[in-house]
Each structure stands twice: as C-alpha cells, then as structure tokens.
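Reading through the structure tokens given below for one structure.
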Amino acid sequence: MIPIIKPDFGKEEEQTVLEIIKSGHITRGKWTLKFKEEFSNYIGTTFCHTVCSGTAALYVGLKAIGINSKEDVVIVPAVSFMATIDAVLLAGGTPVVIDINDSYTMNTEQLIEAVEKYNPKAVIPVHLFGQTADMDKINEICKEKNIVVFEDAAQAHGAEYKGKKAGNLGDLAAFSFYASKNVAMGEGGALVTNSYKIDEKISNWIEFGDHPALNLRITEFQAGIGYHQLQKLDENNERRRKIAHLYNKEFENLPGLIIPKEYPDRKHVYHIYALRHPKRDEIVERLVQEGIGARVYYEYTLHQLRNAEHLDCEFAELLTKEIFAIPVYPALKDSEVDFIIEKVKQIVNEVS
Ligand SMILES: Cc1ncc(COP(=O)(O)O)c(C=O)c1O
843 MIPIIKPDFG KEEEQTVLEI IKSGHITRGK WTLKFKEEFS NYIGTTFCHT VCSGTAALYV
903 GLKAIGINSK EDVVIVPAVS FMATIDAVLL AGGTPVVIDI NDSYTMNTEQ LIEAVEKYNP
963 KAVIPVHLFG QTADMDKINE ICKEKNIVVF EDAAQAHGAE YKGKKAGNLG DLAAFSFYAS
1023 KNVAMGEGGA LVTNSYKIDE KISNWIEFGD HPALNLRITE FQAGIGYHQL QKLDENNERR
1083 RKIAHLYNKE FENLPGLIIP KEYPDRKHVY HIYALRHPKR DEIVERLVQE GIGARVYYEY
1143 TLHQLRNAEH LDCEFAELLT KEIFAIPVYP ALKDSEVDFI IEKVKQIVNE VS
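Per our numbering, the very first residue in the sequence shown carries number 843; after that it's consecutive.
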C-alpha cells in the first residue's frame, strides 16, 4: 500500500532523539529554544511560541486577541479541518462561515459582505492544502475596520504569497506539526506574530502569567525532530511541487477531472494534492483497491458540521462531494509516482 501520508525522518532525527534520551534533559531545553528561534527566522516573524498542537495554537491565539463571548464574531472559510471552527467555539466566540473560491481559500467577495453584516472581531484565512489565501485583499478589507487577521497556516509551512512566507501575512498565525504536516513532530504547533502586544497576551496564556494559564508545551524530542524537519523543508517542498506539477501535466485533460489551480503570485507547497471529480467515491474506492492511499479531504463543510451561522456556501458544498487527495509527500519514489499516475488515468477514464 502507498499510504496517503508518510513522515520523512532520517539519521539526523534519530541521532537527536537518542542524544536527548542520553542527556536526560527532555523538556524546556536547548532544542525547544533552537526550534523556536529557527522557526521564527524562517517565517520572518519577530515572535514565536511553540505549543502542543495546531488546535491549541488557534485557541490560544483567539484568546490572546480577545475572543471571549458570543458577541465576538470570527469569520472562517467553509472548507478546512474542523479545528479552525472548533477553536472559535472553544474560545467562546461566534464563528460565521463563508464560501471559498477556486483556490479553495476564502472567498473575498463574501468576506466584504460578511464584514458588513456581522461586524467581526477577527478573520481566519486558511491556507488550504498548502496555497495561501488572497492576503492582500483580506488585509485591505480588515485593516479599514480594525479586524484582526489570524492566519491558519497549519498546512502551509514554506508557502509564499508575493514572495512573503505564510505565517507572516497577517497579524498572527497558527501552525501545526502533526505527523502529516510539511514539518512533522508527531504532535505540535506554533504561534507567530510581529506584534509585541499580541505576543505578550499569548505568553500570559501559556507561561503561567498574570491569569490562569495552560501547560501546552512540547518536549525536547518534538523540538529536536522539528528542527531537522525545518532544515529539510525547502528541499522537501520542492519535491512535493515537482510531483504535483507532474500530476497536473498528466491529469489536466482527463474527463471530468479538475486539477488544483495554482495562482502565479503564490508558492503552493502541496501539503495535500487535491483533485475533483463528480464520481469521487468510486474513484477513491478503486484507487484504494489498487493499493493507493487516496482519501477525502474534507467531506464536511464547517457550517454543516457545527451548525454554524453562514453565508451561501454553494461552492464549498459541491466541493466536499467531489474532492479527494492522492499521495504527494517527498518520500514517494519515482516508481510510485508513475504507478499513481497510471492508475488515476486508467480509473478516471473507466468511470467517465
Ligand atoms: C487547516 C488546519 N487547521 C488546524 C489544524 C489543527 O492542527 P492539529 O491537528 O495539530 O491540532 C489542522 C491539522 O490537523 C489543519 O489542517
């Protein structure tokens, strides 16, 4: 079976984990500090806090910007992992869900409508599958009304918008280092920002500060693994892009199949390679029978999942019925890529 995800660990990770075991210093040590520093340098932000998951990063970020009560509206896109909306609900705010566009990120026309209608305190653009949202438009809409832009960059390590890294495109950003992510620790997350004020508020939520706080720390093991993953990120992202571009070329004329749209002003890092087809379920089932770990990301929209307030999300609702993913990670061998291409072509032609 070719799995849908496979973390890419080498000798460096192995040696570091052993070194940490032998040192006996397994938490709050040099690797945690080193990772924090390297990660904020890489993204280009002034401040960085590591936490135990992307969900925790979203939650703490929302608390830090003052999401506390039902009056605090946060706009989220209809297609994302459920943590994007769950964090808003856990923080005590009211999520309002809007549609996405053909980049599978936030529909900015609807953002204008939602801002007028709901007077939100924050907006969470999600850089879905590894491509950034249209951040210039989103920032322009939000700046005027003092709305906080909180990037969900959980799937976008190393992605760029007009040459600037995801995570450094709004007021603050959340990352995940879950096992499948482009930087993988097993579990983990980070919050980054350039704002001293936001950073201070984040600290108070996680550093036992001037109000009750949470212990969301990662261990030295996670930080050590993450450090090496970060050193390989650019190279690994290039491999992902190469595979994705080959898929795009091979699949662009298959009947009924829609390949991902990559915008020229953005660097897509293909955390997930997502295809669309009206006969999605049949294709996924047959790919799995062939030993290819195809999977549906996501079969739910966030407003339907959590019964949330929303604008018309017609495109998102259609997308969740048609979208599916095939393997795209750097550890894929060329022979596996060729096999996937051959089987996708064969099955799509047969079901059409
Ligand atoms: C877009 C998005 N947001 C948030 C999360 C939550 O991250 P975690 O699983 O580390 O809690 C994930 C990933 O799992 C994600 O893909």
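Quick reminder that beta carbons are idealized off the backbone N, C-alpha and C, glycines included.
Spatial neighbours of residue i within its chain, please: C-beta separation below 7 Å, excluding the five flanking residues on both sides.
{"i": "Met-843", "result": "Gly-1133, Gly-1135"}
{"i": "Val-1130", "result": "Ala-1136"}
{"i": "Lys-987", "result": "Val-957"}
{"i": "Leu-1103", "result": "According to the sequence shown, residue 1103 is Lys rather than Leu. These residues qualify, in order along the chain: Asp-944, Ser-945."}
{"i": "Val-1193", "result": "Lys-1121, Glu-1124, Ile-1125"}
{"i": "His-867", "result": "Glu-1062"}
{"i": "Trp-1047", "result": "Val-902, Lys-905, Ala-906, Ala-1055, Leu-1056"}
{"i": "Pro-1106", "result": "none"}
{"i": "Thr-887", "result": "Gly-1009, Asn-1010, Val-1034, Thr-1035, Asn-1036"}
{"i": "Glu-1049", "result": "Ala-1055"}
{"i": "Gly-852", "result": "none"}
Assuming residue i contacts residue j under a Cβ cut-off of 8 Å, what Cβ separation, rounded to an integer in Å, is found between them?
{"i": "Arg-1059", "j": "Pro-1172", "result": "That belief does not hold up - the Cβ atoms of Arg-1059 and Pro-1172 are roughly 28 Å apart, past 8 Å."}
{"i": "Ile-980", "j": "Val-991", "result": "6 Å"}
On the CB-based measure, 16 or more other CB atoms within 10 Å of its CB, does residue i come out buried or exposed?
{"i": "Gly-1068", "result": "buried"}
{"i": "His-969", "result": "buried"}
{"i": "Arg-1108", "result": "buried"}
{"i": "Met-924", "result": "exposed"}
{"i": "Pro-919", "result": "buried"}
{"i": "Arg-870", "result": "exposed"}
{"i": "Gly-1005", "result": "exposed"}
{"i": "Lys-878", "result": "buried"}
{"i": "Asp-813", "result": "In the structure displayed, the chain extends from 843 to 1194; residue 813 sits before or after that span and is not available."}
{"i": "Gln-1071", "result": "buried"}
{"i": "Glu-1042", "result": "exposed"}
{"i": "His-1119", "result": "buried"}
{"i": "Gln-857", "result": "exposed"}
{"i": "Gln-1073", "result": "exposed"}
{"i": "Phe-1166", "result": "buried"}
{"i": "Lys-1185", "result": "buried"}
{"i": "Phe-1019", "result": "buried"}
{"i": "Gln-952", "result": "buried"}
{"i": "Gln-1188", "result": "exposed"}
{"i": "Pro-962", "result": "buried"}
{"i": "Glu-993", "result": "buried"}
Beta carbon of residue i, beta carbon of residue j: below 8 Å?
{"i": "Ala-995", "j": "Ala-975", "result": "no"}
{"i": "Asn-1079", "j": "Asn-1024", "result": "yes"}
{"i": "Ile-909", "j": "Ala-964", "result": "yes"}
{"i": "Thr-926", "j": "Leu-904", "result": "no"}
{"i": "Pro-849", "j": "Ala-1026", "result": "yes"}
{"i": "Ala-1158", "j": "Ile-942", "result": "yes"}
{"i": "Leu-1144", "j": "Ser-911", "result": "no"}
{"i": "Asp-914", "j": "Thr-936", "result": "yes"}
{"i": "Thr-1035", "j": "Phe-881", "result": "no"}
{"i": "Val-859", "j": "Gly-1066", "result": "yes"}
{"i": "Leu-1075", "j": "Gly-1028", "result": "no"}
{"i": "Ala-1016", "j": "Gly-1031", "result": "yes"}
{"i": "Ile-1182", "j": "Pro-1169", "result": "yes"}
{"i": "Met-948", "j": "Ile-954", "result": "no"}
{"i": "Leu-932", "j": "Arg-1148", "result": "no"}
{"i": "Glu-1156", "j": "Val-938", "result": "no"}
{"i": "Ile-1085", "j": "Leu-1153", "result": "no"}
{"i": "Ile-1044", "j": "His-891", "result": "yes"}
{"i": "Val-1190", "j": "Leu-1096", "result": "yes"}
Which same chain residues end up closer than 6 Å to residue i when comparing Cβ atoms and leaving out the 5 residues on each side of it in sequence?
{"i": "Phe-1093", "result": "Leu-1099, Ile-1101"}
{"i": "Ala-998", "result": "His-969, Gly-972, Ala-1008"}
{"i": "Ile-885", "result": "Lys-1007, Gly-1009, Asn-1010, Val-1034"}
{"i": "His-1110", "result": "Gly-972, Gln-973, Glu-1104"}
{"i": "Ala-1021", "result": "Pro-849, Gly-1028"}
{"i": "His-1113", "result": "Phe-971, Gly-972, Gln-997, Asn-1024"}
{"i": "Lys-876", "result": "Tyr-1069"}
From the DSSP output, read off the bridge partner residues of residue i.
{"i": "Asp-919", "result": "According to the sequence as given, residue 919 is Pro; it is not Asp. Paired residues: Ile-940."}
{"i": "Ser-1018", "result": "Gly-1031"}
{"i": "Glu-993", "result": "Ala-1015"}
{"i": "Arg-1137", "result": "Ala-1167"}
{"i": "Phe-889", "result": "Thr-1035"}
{"i": "Leu-1117", "result": "Phe-1166"}
{"i": "Asn-1007", "result": "First, the residue type needs correcting, since residue 1007 is Lys and not Asn in the sequence shown. For Lys-1007, which the question treats as bridged, DSSP gives the partners Glu-1002."}
{"i": "Ala-964", "result": "Val-916, Val-990"}
Excluding the 5 residues preceding and the 5 following residue i in the sequence, name in chain order all residues of the same chain whose CB lies nearer than 8 Å to its CB.
{"i": "Leu-1161", "result": "Val-921, Ile-942, Tyr-946, Arg-1118"}
{"i": "Glu-854", "result": "His-1070, Gln-1073"}
Does any residue of chain B bring its CB to less than 8 Å from the CB of residue i?
{"i": "Leu-970", "result": "Absence of chain B from the displayed structure is noted, only one protein chain being present."}
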